[in-house]
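*Asks:* Just so you know, we're using my numbering here: the sequence shown kicks off at 426 and counts up by one. C-beta atoms are modelled at their ideal positions from N, C-alpha and C, and glycine is treated no differently. Owing to the predicted nature of the structure, the values given are computational and were not obtained by experimental measurement.
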Amino acid sequence: MKKNRIIQRTVSAFLAAAMLATLASCDAKLPGSRNNTDGFTNQPRQIMNYYTSEMLAVPDGFGYAQNIFCNDENIFIYGSKSNDSAEILSGIYDFGAKELKELNLSDLNADYISSAAYIGKDLAVSYWESETNNQKITIFDTASSKVKCSADINQNSYISSLLVNAEGELVAVIEEWGPAAQKYFVKKYDPATLEEKSSNDITKAIEVGDNGYLTGVEFDKAGDMYSLITEYDKEGEPAYKLVKFKEDGTIVYTNEDFADLKDGGMVIKRANGNICVLSSVDGGVTLGIDEIDNLTGDIKERYNVKLSEDISGACLNSGEADFIYSDSEGVWKLDFDKEKPEKIISYGTEVPESYSCVQQMAYSDGKLFLYGQDWGGESSLIYKFDKEGTFVGEIPVESPGKNSYIRSISADKDGKIVAISEEYGYSEDGNDETTCYIYEIKEDGSIGDKTALKIDTDDNYYMERVEKTNSGDYAAVVFTDGGEEQSSFVQIFSASGEKKAVITDEDIENIDSYYSTPSGDYISYRDKSGKTIYRKVDNTTYELGDTVELNIPEGINRINSDGNYDMCYSDSSGIYGYSFAENKSTEIVNWIDSDIVFSVWNASFLGSDKIVCQGYDYSSGEEQIYVLKRADDETLKKIQNKKLVTIAGVGVGYNSAFKEKVVDFNKNSNEYRLQVNDYDKFSKYEDDTYNSGAFQLNNDMAAGNVPDILIGSDEVNMTSFAAKNILTDLTPYFDKDEDINREDYFENILNLGTYKGKLCQVFAGYSLRGLAGPESKLGKETTLTHEDLMTLKKNGSVFYEKISRETIIDSLIKSNLAEYVDFENKKCDFDNERFTGIIDLVSEEGSDTPKDEMYAEYKEGEELEQYARFRDKKCQLEFLDLYNFSPLLELQQGALGETATIKGYPSESGSGIIVSPNMALAICEKSKNKDAAWEFIREFLTEEYQDEMNDNYITNLPVRKDSFDDLLVKAKNPEEYHYYSVTKPDGSYAEMKPLDDTTADKIRKAVESADRCKLSDERIEKIIDEALDQVFNGEKTSAEAASEIQSKVSTYLNEIK
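(1) So, is Met992 buried or exposed, given that buried needs 16 or more other C-beta atoms within 10 angstroms?
(2) Could you give the residue range of the beta strand (DSSP E) that holds Tyr1370?
(3) By the three-class DSSP mapping on this structure, what secondary structure does Thr563 have?
(4) Taking 7 Å as the cut-off, decide whether the C-beta atoms of Gly641 and Val692 are in contact.
(5) Jot down the residue ranges of each uninterrupted alpha helix (DSSP H) in the segment 1149-1217, minimum 4 residues, whole runs only, in chain order.
(6) Give the secondary structure of Glu594 by DSSP, where H, G and I count as helix, E and B as strand, and everything else as coil.
(7) Nearest by alpha-carbon distance to Phe1365: which of Ala568, Cys1349, Pro1342, Gly980 is it?
(8) At what residues does the alpha helix (DSSP H) containing Asp1089 begin and finish?
(9) Since Gln1049 sits in a beta bridge, which residues does DSSP pair it with?
(10) Quick check: what's the CA-CA separation for Lys666 versus Glu681?
(11) Measure the Cβ-Cβ separation of Pro1318 and Met1417 and say whether it is below 7 Å.
(12) Compare the C-alpha of Lys608 against each of Gln580, Asp1103, Ala591 and name the closest.
(13) To the nearest angstrom, how far is the alpha carbon of Lys812 from that of Leu793?
(14) Looking at C-beta atoms only, is the number of pairs between the segment 1214-1228 and the segment 1262-1277 that lie closer than 8 Å three or more?
(15) Given 6 Å as the limit, tell me if Glu858 has its C-beta closer than that to any heavy atom belonging to the ligand NAP.
(16) May I ask you to report which of helix, strand or coil DSSP gives Glu979?
(17) Taking the alpha-carbon of Glu1007 as reference, which of Asn989, Ser1019, Asp1018, Asp898 has the nearest alpha-carbon?
(18) What residues in its chain sit with their C-beta under 8 Å from that of Ser570, if we drop five residues either side in the sequence?
(19) Is the beta carbon of Ala541 less than 7 Å from the beta carbon of Ala900?
(20) Buried or exposed, going by whether 16 or more other CB atoms sit within 10 Å of the CB of Arg1385?
(21) Going by C-alpha to C-alpha distance, which of Tyr1378, Glu1480, Lys1063, Ser1388 sits closest to Glu1369?
(22) Just the C-alpha distance for Glu1480 and Glu479, rounded to the nearest angstrom, thanks.
(23) Which class does Arg1363 belong to by DSSP, given the choice of helix, strand or coil?
(24) Evaluate Leu1135 with the Cβ neighbour count: other Cβ atoms within 10 Å of its Cβ, from every protein chain shown; 16 or more gives buried, anything less gives exposed.
(25) Going by CA-CA distance only, name the one from Gly1262, Ser1434, Pro1132, Ile1428 that's closest to Leu1453.
(26) Hey, how far is the Cα of Glu554 from the Cα of Phe565?
(27) Have a look at Ile1445, Leu1266, Asp1247, Lys1461 and flag the residue whose alpha-carbon is nearest the alpha-carbon of Lys1218.
(28) Quick one: what's Asp729 bridged to in DSSP?
(29) Nearest-angstrom Cα distance between Ile578 and Val1077?
(30) From Cys574 to Thr563, what does the alpha carbon distance come to, in whole angstroms?
(31) Using 7 Å as the threshold, is the C-beta distance between Asn1142 and Asp1426 below it?
(32) Note down, in chain order, each residue of its chain lying with its Cβ closer than 7 Å to the Cβ of Ile472, except the 5 sequence neighbours on either side.
(33) Using DSSP bridges, identify the partner residues of Asp519.
(34) Taking 7 Å as the threshold (C-beta atoms), are Val903 and Phe918 in contact?
(35) Suppose contacts are defined by Cβ-Cβ distances below 7 Å. Is Ala1431 in contact with Leu1193 by that definition?
(36) Return yes when the Cβ of Ser624 is within less than 7 Å of the Cβ of Leu639, no when it is not.
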């Protein structure tokens, strides 16, 4: 899995100086770094824990696992049945004959029917098709269930309502949505053919914002349409209005005078033809009905009708009845003038009990269409397996009650199955009220006594998790939302649910966890600076104690302890146990050492030798559950007898292709075994600063702890290692390898791995970075000089106003560092008008808003403006990242609306097109296993890998020429249909067309023209950031900043040995 790093790559002055010392001397070491005796080193370490893995065989009908947990004897999976296991029930109940005729709708291949309407004796339905998940409309004969005609609806569309007008035409209200705007259309169809007869865009007329939607549509007798519109404000609070409009979108009136629509409502047509708005009163089973005067929009009458339970299905146009609805007991008819509803169909008598799942209905001439999905009881349940992984049976999970849902199910310290549920309702004063319950689920599915855990607050809140303390109390991690203010605290409850204490502190931003461990109770939280803090808790008074300094990595998945450690966690490298007293983590499982490639996000210990893991299997592309079993002594001995070849990098554990190749090598080699040291475990945020694990890697390399294979990335500066002669020349290996021929690869891409004539690194794949704009104005040449850029600046804004200074600096300066820095000759070129021109451009056009906050909040209409940026002449260039072909196609067919040209970053000595390697591979000169190292590295260069690395989705461009050309051919003639949309300047959507010959040639030319590699040097970037900050603060001119950068970078380059 490719790890996203949207981070501010800055370091403190202290660490930056230390980094300088590291690069300047091979004997240097960063202050505060971990000792190599900690075991985190590039020297081979004997594998002591090896686990074999076997997929857990789940029963037929298994859907999704929400949690896995174990006791000493069993494996439990709390989950749900698959959609395929639901039985589709559909039929027509004839009130005259008092009989149900079941329908066979299998020809529809419907995943779910969302609306239905009678057209004479035929029935029109809208639904999601199972295979494509697209919306369709179909008309079928109710007598034979045969399909008469069908129509596909545009992608990114949803049919809000399906109706029949007075002329007998089928009318659909369709919502199209996407990143720019939502649009609404009223479309008419010929009921004989479903040919579209007309389409009216009603978006502007009904004024539904991007945070709103339509809730149902209904006709009155005059043919006018009514819909309830829901809009959410910035605080997430809903507002409602009833809109009456014509089929062409003309608004007749709106009415916002509805008191009880806290939880939404629906629009129906009463038997007398009047439109009514239905809502739930006080969140209960009292139905509030506002009858509308169709002519004026005023509320004529208000009715409150007490129902026996919640409504599960509704018929919006109920013919002779005011309203027909269903619940778990049957189908009911409601006349608003009467106090009680009348049951007209009973489940188990008039129709089978299975029809209690009915959710969609349509009525005409004494016949009622019924549709639902029967899950055979509960759709959520617990699957039970014995400790050998054999399925034993199902434990039904009863619903905790009305307006409730189960937040989590897990095993407590005693092995009992414990559920936590939340129930929503209203207090006596009408405010929202939430109560949390904790209770045991017994193995027969029955529920034990419930303990209520309730927070006294007027704010919205939820309990993230509940832990049992060492004193037997409950510790609930609570988050509250009071609108603009959010808070987090721990509420302590007694075993009977009485509130005992609150744990909070003014320095707490967000509480992560409460830990009840053998060495005591602790909490972890994020402080105001974003740092993770661990503190001791007195489990008698529940007062916070001193801060405990723990070396627990960021970004871990906490899992239940195996009993030997205070806590256990998993990350991209394996599973670890942590001792708070010793401040030490111990490796329990190393994924790669155990030849495990799947990504694990949850795990549970089953005794001392088994671990049940839930994760994603990259080979199958599916979520799976595996049982890991500790290997016997004979198997472990075979593993230990192999020679170890070490690999080091930062973030390599997130690269699934890399892990698969490592595991393949280890399984197939009789002599060698690869061992991976991922320095991402050392990456941390401290005081809003990201400190990369690359610092520790540099320390280890400087101390002589050099791996056999080094993996380069954005965080690992391979050029600095090449400059110190740490990397070996790969040219002889190319020359000796009969299957790896240099002429098969893009020569310019290979040359980018060269340093002083030596091929020090090769790339498994890469992306291109540069600029793009209209070819009609910028021409076809890839080169863009600094003078060209300044000429564009004189003509207007170069970049769109919604772009941060940080983004422009990252692209034009840091990514293009090769334009200004020559590492081989230890020279730099910043002190000139070209560079000061870039600084001035950043100052004038870049926003000082951080790039990750640029699109946090939009003003009305700004979403649409960004798609019209070229049309409205608000920019001339766009930053382009070609990791596949879609970004260029999306630009050409969307916002630009014409052929684009690809330009490099400003350069006086080449194309300026940047190659950003996704994975660079090198062999270290000190390695004693170079031949074995090459056998691994070459796998990424083979035709097989280069052809298959983009099997499902293109994320990298191949270095092999024939593989790249095959990719172009497939993109021009896709074997499988995939829908991708583009947003045009007017906010409308269109289907993205496949790659064309002209664009394919343009991309290939860009690849062949790429002449520099993206460099990453924290020290130089720090120097640039400090100088430019002074420019933006008015303390320096751009010329003074350029001069300072020139001086400091020159000094730095000359100190590198």
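*Replies:* Taking the coordinates as given:
(1) To locate residue 992, count along the sequence shown from 1; it is residue 567. Its Cβ being crowded by 16 or more others within 10 Å, Met992 is buried.
(2) Position 945 of the sequence shown holds residue 1370. Element bounds for Tyr1370: not the beta strand (DSSP E) but the alpha helix (DSSP H), 1368-1373.
(3) Position 138 of the sequence shown holds residue 563. Note: Thr563 maps to strand in three-state DSSP.
(4) Numbered from its first residue, the sequence shown carries residue 641 at position 216. Numbered from its first residue, the sequence shown carries residue 692 at position 267. Yes; because the gap between Cβ atoms is below 7 Å, this pair is in contact.
(5) 1156-1161, 1172-1176, 1200-1203
(6) Stepping through the sequence shown from its first residue, residue 594 is reached at position 169. Three-state DSSP puts Glu594 in coil, outside helix and strand.
(7) Counted from its first residue, the sequence shown places residue 1365 at position 940. Residue Pro1342 is the option with its Cα nearest to Phe1365.
(8) Reading the sequence shown from its first residue, position 664 is the one you call residue 1089. Note, Asp1089: alpha helix (DSSP H), 1081-1093.
(9) The residue you call residue 1049 lines up with position 624 of the sequence shown. Per DSSP, Gly1040.
(10) In the sequence shown, the residue the question calls residue 666 occupies position 241. In the sequence shown, the residue the question calls residue 681 occupies position 256. So the two alpha carbons sit approximately 4 Å from each other.
(11) If you number the sequence shown from 1, residue 1318 lands on position 893. If you number the sequence shown from 1, residue 1417 lands on position 992. Contrary to the premise, residue 1318 reads as Gln rather than Pro in this sequence. A contact, by the Cβ cut-off of 7 Å.
(12) To locate residue 608, count along the sequence shown from 1; it is residue 183. Cα-wise, what sits closest to Lys608 is Gln580.
(13) For the purposes of this step, residue 812 is taken as residue 387 along the sequence shown, with counting starting at 1. For the purposes of this step, residue 793 is taken as residue 368 along the sequence shown, with counting starting at 1. Distance between the alpha carbons of Lys812 and Leu793 is about 50 Å.
(14) yes
(15) Ligands in the displayed structure: none, and consequently the ligand NAP is not present.
(16) As a working mapping, residue 979 is identified with position 554 in the sequence shown. In this structure, Glu979 counts as coil in the three-state DSSP scheme.
(17) Here residue 1007 refers to the residue found at position 582 of the sequence shown. When Asn989, Ser1019, Asp1018, Asp898 are compared, the shortest CA-CA separation from Glu1007 is found for Asn989.
(18) Along the sequence shown, one-based indexing puts residue 570 at 145. Excluding residues within five positions, the ones whose Cβ falls inside 8 Å are Leu528, Asn529, Leu530, Asp532.
(19) Counting from 1 along the sequence shown, the entry for residue 541 is found at position 116. Counting from 1 along the sequence shown, the entry for residue 900 is found at position 475. It is not a contact, given that the beta carbons lie outside the stated cut-off.
(20) Taking the sequence shown and counting its residues from 1, the one referred to as residue 1385 is at position 960. Looking at its Cβ environment, which holds 16 or more other Cβ atoms inside 10 Å, Arg1385 is buried.
(21) Here residue 1369 corresponds to residue number 944 of the sequence shown, with the count starting at 1. Comparing Cα-Cα distances from Glu1369 to each of Tyr1378, Glu1480, Lys1063, Ser1388, the minimum goes to Ser1388.
(22) The residue you call residue 1480 lines up with position 1055 of the sequence shown. The residue you call residue 479 lines up with position 54 of the sequence shown. Put simply, the backbone Cα of Glu1480 is about 54 Å away from that of Glu479.
(23) The residue given as residue 1363 occupies position 938 in the sequence shown. Here Arg1363 sits in helix by DSSP.
(24) One-based indexing of the sequence shown puts residue 1135 at position 710. The residue in question, Leu1135, is buried, as its Cβ has 16 or more Cβ neighbours within 10 Å.
(25) The sequence position of residue 1453 within the sequence shown is 1028, counting from 1. When each option's Cα is compared against that of Leu1453, the closest is Gly1262.
(26) As a first step, residue 554 must be located in the sequence shown, where it is residue number 129. As a first step, residue 565 must be located in the sequence shown, where it is residue number 140. Their Cα atoms are separated by approximately 15 Å.
(27) Here residue 1218 is taken as the residue at index 793 of the sequence shown, counted from 1. Per the Cα distances, Leu1266.
(28) For this step, residue 729 is matched to residue 304 along the sequence shown. This sequence places Asn at residue 729; Asp is not what is there. The partner list for Asn729 (beta bridge, DSSP) reads Gly713.
(29) In the sequence shown, counting from the first residue as 1, residue 578 sits at position 153. In the sequence shown, counting from the first residue as 1, residue 1077 sits at position 652. Between Ile578 and Val1077, the C-alpha separation is close to 43 Å.
(30) Here residue 574 is taken as the residue at index 149 of the sequence shown, counted from 1. Here residue 563 is taken as the residue at index 138 of the sequence shown, counted from 1. In a straight line, the C-alpha of Cys574 is about 6 Å away from that of Thr563.
(31) Residue numbering aside, residue 1142 sits at position 717 when the sequence shown is read from its first letter. Residue numbering aside, residue 1426 sits at position 1001 when the sequence shown is read from its first letter. Going by C-beta atoms, Asn1142 is not nearer than 7 Å to Asp1426.
(32) Here the question's residue 472 lines up with position 47 in the sequence shown. Cβ neighbours of Ile472 beyond the five flanking positions: Asp1018, Ile1064, Gln1065.
(33) Numbered from its first residue, the sequence shown carries residue 519 at position 94. Partner(s): Glu524, Lys792.
(34) The residue labelled residue 918 in the question sits at position 493 within the sequence shown. The residue labelled residue 903 in the question sits at position 478 within the sequence shown. Not a contact, by the Cβ cut-off of 7 Å.
(35) The residue given as residue 1431 occupies position 1006 in the sequence shown. The residue given as residue 1193 occupies position 768 in the sequence shown. The answer is yes: Cβ separation under 7 Å.
(36) Against the sequence shown, residue 639 aligns to sequence position 214. Against the sequence shown, residue 624 aligns to sequence position 199. Not closer than 7 Å, so no.
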